[in-house]
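In the working numbering, the protein residues as written are 14 to 158. Every residue, glycine too, gets a C-beta built ideally from N, C-alpha and C. These notes concern the structure reproduced below.
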């Protein structure tokens with residue numbers, strides 16, 4: 014683990030996402046957005062610092078410098094106009110392993126615990142203090158850089 018810098022952390026986090034994609038676990042997530050409706054599901058993904066760095070880099074690549082505000086309680090990364098994730102290709106681990114029944118339900122923790130530990134190690138190497146709710150995690154990175 015060489016997550017001693019934001020760039021290394023981004024690379025390592027993306028590598029973990031690639032490892033997850035290689036797992037033989039059936040998924041049917043094709044830009045579904047049911048899980049993005051936090052006010053309906055009552056569930057908000059929590060991001061480690063490495064994940065927040067990946068997500069904010071992807072958000073900035075869309076030309077945005079701040080986290081969009083969603084008064085309707087939906088994920089701030091869900092575009093209000095198109096109803097599509099602004100950073101789908103770089104969405105956080107929790108969004109990839111979520112509870113969405115339409116996409117195949119949640120991953121069993123035992124199937125991904127090794128990857129969770131890797132994300133936590135990156136967080137620790139960056140001086141993070143554990144996973145935080147998506148909006149708070151992204152705001153912290155956006156305000157610090």
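Going by beta-carbon coordinates alone, are residue 60 and residue 121 separated by less than 9 Å?
no
Would you check if the segment 18-31 and the segment 65-74 touch, i.e. whether three or more CB-CB distances between them fall below 8 Å?
yes
Answer with buried or exposed for residue 62, where buried requires no fewer than 16 other C-beta atoms within 10 angstroms of its C-beta.
buried
For a quick check, are the C-beta atoms of residue 128 and residue 29 less than 9 Å apart?
yes
Just to confirm before moving on: does the CB-CB distance between residue 58 and residue 147 stay below 9 Å?
yes
Minimum length 4: unbroken alpha helix (DSSP H) runs contained in the segment 84-129:
106-109
What residue range does the alpha helix (DSSP H) around residue 66 cover?
62-74
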